[in-house]
Amino acid sequence: MVAVSRGAVRKPAKFLEGYKLHERYLLRPVPATGKPGIIEATSPRGDEVLLRIWPRKTRDDDDLLDIWRHELRQLHRLGGYPGAQRYVARVLDAGSDAEGFYIVLDAGQRRPLELILERGRGSTEWLRSLNLSGNRYRLWRNLQQVCRGLEILHNEGLVHRNLDGWSILTAAGDDPDFQLTGFEWSIRLSATSDVAKKARGPAVPTVSFAADWSDFARLAARIFNITPSRLVDAAIPDYSVHESALASEIRLLRDLLLPTELPRLDGELVSNRIDQILGGLDADKAAGEGKYHLVARLGSDSDLSRAIRQASGQEIEVDDDESQITWMDADLGDPIQLSAVTDGQRVLLYARGRELIYRLKPYRGGAAEGSWQFAFCESAEPAIDWRRTFSSGEQLPSIALKLVSQREARPIFGRLKGRSPSWQDWLDRLADTAPVTDTARIRLHRAFTLLHAVEIAFAAATTYPVNVKTDSDGQVLTLTYRTSTDREALSKALKLDPPAARMRSDLDQENTAESEGWVLTESARLGRSQSTDVELAYDEAEDTGKNGAKTEFQFRATSPAPVLFREGFLAPAGARGDFSQFNRRSKAIRLLKEHQELLDVLSDPRSRLTPSHDVVTQDTGFAALDLAKQQALAELSAILPIYLLQGPPGVGKTFLITDLVRRRFEDDRSGRILITAQGNHPLDHLLDEVAALWTGDTTEPPLAVRCRPRDDNVSSGPFDLSTRTAEVVQGLADCKLAEGASETVKTRLRALAGEAGRSKGHPSAERRSLEGLVMRAANLVFATTNSGDLERLVEERGQFDWTIIEEAGKATGCELVTPLMLSHRRLLIGDHKQLPPFGADQLEAFLNDAAAVRAALTVLPRVIDPTVKQLLEDELVDFLEDEQQDVEALCAEAKRVLYLFETALTGELERQKSRKGHKVIASTLTVQHRMHPTICELVSESFYGDLHTSETRQAQAIAQARWIASRDPEALPDAPVVLIDMPYERSTIGAGRIETLPRFSNAHEVAEVVKAVGNLRVTEEATKVPSLVILTPYKRQVTKINNALATDDAATQALNAFKPAARGGAWCSTVDAFQGNEADVVVFSLVRNNRGATISKALGFVGDPRRFNVLLSRARQRLIFVGSRDFLAAVANPLGLEKDPEHRFLGKFLATLDQQIQSGKACRVEGSLLSTGAV
1 MVAVSRGAVR
11 KPAKFLEGYK
21 LHERYLLRPV
31 PATGKPGIIE
41 ATSPRGDEVL
51 LRIWPRKTRD
61 DDDLLDIWRH
71 ELRQLHRLGG
81 YPGAQRYVAR
91 VLDAGSDAEG
101 FYIVLDAGQR
111 RPLELILERG
121 RGSTEWLRSL
131 NLSGNRYRLW
141 RNLQQVCRGL
151 EILHNEGLVH
161 RNLDGWSILT
171 AAGDDPDFQL
181 TGFEWSIRLS
191 ATSDVAKKAR
201 GPAVPTVSFA
211 ADWSDFARLA
221 ARIFNITPSR
231 LVDAAIPDYS
241 VHESALASEI
251 RLLRDLLLPT
261 ELPRLDGELV
271 SNRIDQILGG
281 LDADKAAGEG
291 KYHLVARLGS
301 DSDLSRAIRQ
311 ASGQEIEVDD
321 DESQITWMDA
331 DLGDPIQLSA
341 VTDGQRVLLY
351 ARGRELIYRL
361 KPYRGGAAEG
371 SWQFAFCESA
381 EPAIDWRRTF
391 SSGEQLPSIA
401 LKLVSQREAR
411 PIFGRLKGRS
421 PSWQDWLDRL
431 ADTAPVTDTA
441 RIRLHRAFTL
451 LHAVEIAFAA
461 ATTYPVNVKT
471 DSDGQVLTLT
481 YRTSTDREAL
491 SKALKLDPPA
501 ARMRSDLDQE
511 NTAESEGWVL
521 TESARLGRSQ
531 STDVELAYDE
541 AEDTGKNGAK
551 TEFQFRATSP
561 APVLFREGFL
571 APAGARGDFS
581 QFNRRSKAIR
591 LLKEHQELLD
601 VLSDPRSRLT
611 PSHDVVTQDT
621 GFAALDLAKQ
631 QALAELSAIL
641 PIYLLQGPPG
651 VGKTFLITDL
661 VRRRFEDDRS
671 GRILITAQGN
681 HPLDHLLDEV
691 AALWTGDTTE
701 PPLAVRCRPR
711 DDNVSSGPFD
721 LSTRTAEVVQ
731 GLADCKLAEG
741 ASETVKTRLR
751 ALAGEAGRSK
761 GHPSAERRSL
771 EGLVMRAANL
781 VFATTNSGDL
791 ERLVEERGQF
801 DWTIIEEAGK
811 ATGCELVTPL
821 MLSHRRLLIG
831 DHKQLPPFGA
841 DQLEAFLNDA
851 AAVRAALTVL
861 PRVIDPTVKQ
871 LLEDELVDFL
881 EDEQQDVEAL
891 CAEAKRVLYL
901 FETALTGELE
911 RQKSRKGHKV
921 IASTLTVQHR
931 MHPTICELVS
941 ESFYGDLHTS
951 ETRQAQAIAQ
961 ARWIASRDPE
971 ALPDAPVVLI
981 DMPYERSTIG
991 AGRIETLPRF
1001 SNAHEVAEVV
1011 KAVGNLRVTE
1021 EATKVPSLVI
1031 LTPYKRQVTK
1041 INNALATDDA
1051 ATQALNAFKP
1061 AARGGAWCST
1071 VDAFQGNEAD
1081 VVVFSLVRNN
1091 RGATISKALG
1101 FVGDPRRFNV
1111 LLSRARQRLI
1121 FVGSRDFLAA
1131 VANPLGLEKD
1141 PEHRFLGKFL
1151 ATLDQQIQSG
1161 KACRVEGSLL
1171 STGAV
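Here full-length UniProt numbering is used: the first residue of the sequence shown is 1, the next is one more, and so on.
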């Protein structure tokens, strides 16, 4: 404890029970100004911590509460920033009680720098001998830590405002360890408020990033004992300001104090300037400070001596120090090879000899803590037995090494400390390239790379090698499949049909009305655009050669580019978008490797739980929430860094998100929230609901932007990024500041304003930069999970106070990575019992076969073009090629990543059942507000078991039941659920095939659907136009229904009273395309009706319970189900076959439906088959 009179600590308050506080404050609190006290303590777990304490005043403490919450939020916000753990002090705990407010920092051996500066330079070696280049080198490395911490802060738009010796923590050891804290006065420059607040914090002339850098320079000058008056005196040359300082050191500090000549001022520039200073100091060290010292622990009890004796063939005795030193010197050779590995937490340094591998550690030299001033070796392993992977390595000339025994080292260590070069430099150089041993983080990151590579493999398999012939004018092309051994091997490993057969199948099944077409490309670049690409439209195929062994495919060129090659690749046109997404995900997954906090959270969501200390005000908005939402809101507001929320159909997830957003901005108008979803439709719906919060509000609303692709054919809205940027540019061009600008600036502003009016097309670099600035300044950003704008935010280290992900269950882990990296606080909302990620079933099935995965990903690099191989991780390929690696375990982890939301949510919900009383990070909303109670009962009993209808919705259902009626109640009863029961193919004599051609269509059900629609009418009691949609699993059935509706007068007349609910104003949609939407009336056509013996053969993908859930839960008021009950019953109860637990939902559905029909809640009518001629 420092012998400084700083005032005794009060008796421990309730929050501090269990903490062992030191006797005196390091810094006394000043409640009148909000300055916290700082005291050392031992936590209940025995950790050394620093406590920041704001004792309560006798009167109103609201200002102290605000200061405490403000600093806590900054620490949490910065703690989620990639790599911030090295530069910013981490919060271990926080709380308040009747005595005060507290923040507990994970200090380890660190203490405030101010204590070291106050007690005098004589007590610390690297402050006492500032004339030594090694000490100055160490200090600049530490200041570079502060520089990087400030850069993180400034990237968040925050100004520190309080940078001094108390806001820096250090252990004062050899390693650079300065950490930044003291954020009680920090403010966000983008903050806006309509209410004037009392000024808080230190009186400063300006609040700016530049002011922080000036404080940084003043702190550095104090550390280096530079007289302030000499530093600011321009008449004194740089080299004369301080006898020990290089001119480059003084020049940097002066530039930071008066940055008028700098092209810009940010952490990158300052860090680069520090690198230049370090280079100069390093050269000084190399020129004048002698050799690197390696201390060998030798003797009869030394593992190193025993290893040397064994390696020397038992020739060297363990007590012969001189011979052992000579042998080590010869074994290490010239130059000496230095390498490193990491165990995930530490970098381990090794010297590699011909016979032995020597583990190097910091030398203690009688001190409590080791120092890299000397290296220490006490063990070695035979090189022949070494199995771990080294980094690329560095070479140390043997002439620069001094090998000494431990006996020789003791008397010279103190004398040479600070004068001989430090091994820390080598450790730092090797740290970035050191391979790592497996940890939970590493295994999880490898699983992400594996899943990503598997997705690339399936995409690569849809690119077909072809031979190309053209007609005379180059507009008609004839393509034939070109044999490729590697592609056939890839298809086999992926368990796909051979490429030639799949190419024929893909072309034959093309739906020309909806297809995006095809692209002929010169190389297999996974859809990456090339100047020689030719867009094609497929016409027909012709079998040629002996017995039709060869197939020629005829295409028409639809783009003007000439075909200049005779061998190429045919790919779907949509593959261009695939490449863009693969490229973005590859970058995100690489950056994930740096994001240790997020890897920890995803490995174990409970590993970093921290209370937020946010309080949910029980206002009128809170009262409007149902009990399940109130509980979820309280729980998710109280915890960091993640909360998982299951949202079954109709529970009002949007309502909860909107209320959360309202609360965040009522509390902090400068906050930033990212809202993202898989699809554009739910995202636009969220935007509309959130924007309505400020309709009619007299205060300035938060800046909200909607990010869209530039080729999006949706017309620009008022929140689109391009529109918002245009407003900002125009406002800038019209402001008074611009009036006084130079003509050059005015011209550029006018040009930008003119360009801003054109929302589409490729923007200029300046316009793109402005859009990035607007996006980074926005309070609310709405973007899909695969948005390119999110990639840009990740690259620019943009961070949000919250990331809210809707439809999280529809996204793979690879798709969720980018938005998850953009905040320290994450809310994931989804429902794993509805549609899964696209293609998840295929990916899951493939990952179940580790041998196939190894085979496919080993051949994949030979299949794709070298220009896109950066999408694959070399480390993953090496891992798979190593026969000793456990690929099966990696595949299991990749499946967890595939269903990231589902596995995290269900794991937490299961934990809650068995372990009560712990912090809750997941819940399920159980009160729905969409469906008629009868429809809700059908959905709940089939899939959830505990879904209920709100009282308000029950009352609405009674009133709205009179809105829609049937023209013929005998044919279509007036009931919320109606089953139009079609004859079952197997039990109907003479029925033949009920599923008709083309495949996956059913003309009999089409007729019943059209008849049912024609029977509907809207009554005069309806207070709004009700919506209607017709759903079916298959696009072909959609087409047949649309065609039939267009030619049926009764159906057309009935539809005039409704509004279409499907996208694009359509009446009919596939089930998958309609997830997230709803309609007052849903008519569903099952299509399937066959003799299949199992649920997979009979129902196909319709038998997926998640898809079945979606189709049942879209209706608000009426659900008309067209399908065969007997067919479904036969599928649900196959004779002689064991039931699949996954498909029990079908039996529950039929049992519930039967009960509802018996009780009169639902109705059943018989459907009929068309005559053979009509089909």
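Note that the Cβ used here is the ideal one computed from N, Cα and C, for glycine as well. This structure is a prediction, so every number in the text was calculated from the model and none was measured.
With contact defined as three or more Cβ pairs closer than 8 Å, the region 671-688 and the region 797-812 are in contact. Contact between G809 and D831 is confirmed by a C-beta separation of about 5 Å, below the 8 Å threshold.
For the options V159, L591, S940 and I103, the alpha carbon positioned closest to that of F1149 is the one of S940. About 6 Å separates the beta carbons of L686 and T654, which is inside the 8 Å limit, making them a contact pair. Between P562 and G474, the C-beta gap is smaller than 8 Å, which places the two residues in contact. In the three-state reduction of the DSSP assignment, S312 falls in the coil class. Per the C-alpha coordinates, the member of D238, L494 and T439 positioned closest to A460 is L494. No residue range can be given for F183, since it is assigned to no alpha helix (DSSP H) and is classified by DSSP as neither H nor E. DSSP places F879 in the uninterrupted alpha helix (DSSP H) bounded by D874 to E881.
One thing to note: G80 has its Cβ no nearer than 8 Å to the Cβ of V88. Between D331 and L298, the CB-CB gap reaches or exceeds 8 Å. Closest in alpha carbon position to P560, among A94, R854 and L520, is L520. Pairing Y363 with G370 gives a Cβ-Cβ distance under 8 Å. Residue range S133 to N155 is occupied by the alpha helix (DSSP H) that includes N142.
About 6 Å separates the beta carbon of L645 from that of A632, a gap short enough to meet the 8 Å contact definition. Approximately 4 Å separates the beta-carbon atoms of L180 and G149; this is inside 8 Å, confirming the contact. Within its own chain, the residues whose Cβ lies closer than 7 Å to the Cβ of R443, once the five positions on either side in sequence are excluded, are E893, listed in chain order. Counting only the Cα atoms, N1090 lies some 38 Å from T483. Contact between the region 461-468 and the region 567-586 is present, with at least three C-beta pairs closer than 8 Å. For the pair L820 and L598, the CB atoms are nearer than the 8 Å cut-off. With a cut-off of 8 Å on Cβ pairs, the region 1047-1066 is not in contact with the region 1098-1107, counting fewer than three such pairs.
L674 is bridged by DSSP to V781 and T803. Annotation note: the region 331-390 contains the following uninterrupted beta strand (DSSP E) runs of length 3 or greater, listed N- to C-terminal: 336-342, 347-352, 356-363, 371-377 and 380-382.
Across the set A501, V1038 and F579, the C-alpha of F579 shows the shortest separation from the C-alpha of Q530.
Collapsing the DSSP output to three states places L645 in a strand. By alpha-carbon distance to L900, the top candidate from E815, P36, G839 and L1099 is E815.
According to the DSSP assignment, L686 belongs to the alpha helix (DSSP H) that extends over N680 to A691. Put simply, of L773, H242 and P499 the residue whose alpha carbon is nearest the alpha carbon of G157 is L773. With fewer than 16 other Cβ atoms inside 10 Å of its own Cβ, N1133 counts as exposed. Contact between Q324 and I308 holds: CB atoms are separated by about 5 Å, below the 8 Å threshold.
For the region 1030-1073, the continuous alpha helix (DSSP H) assignments of 4+ residues that do not extend past its boundaries occur at 1035-1046 and 1049-1055, in sequence order. Residue nearest to Q144 within the set L490, T620 and E268 is E268 (criterion: CA-CA distance). Listed in chain order, the non-local C-beta contacts of L835 below 7 Å within the same chain comprise K810, D1072, Q1075, R1106, R1107 and V1110, local neighbours out to five positions each way being set aside.
E40 carries a strand assignment under DSSP once its states are collapsed to helix, strand and coil. Between the region 620-637 and the region 909-929, the count of C-beta pairs closer than 8 Å reaches three or more; the two stretches touch.
Between Y292 and L401, the C-beta spacing is below 8 Å.
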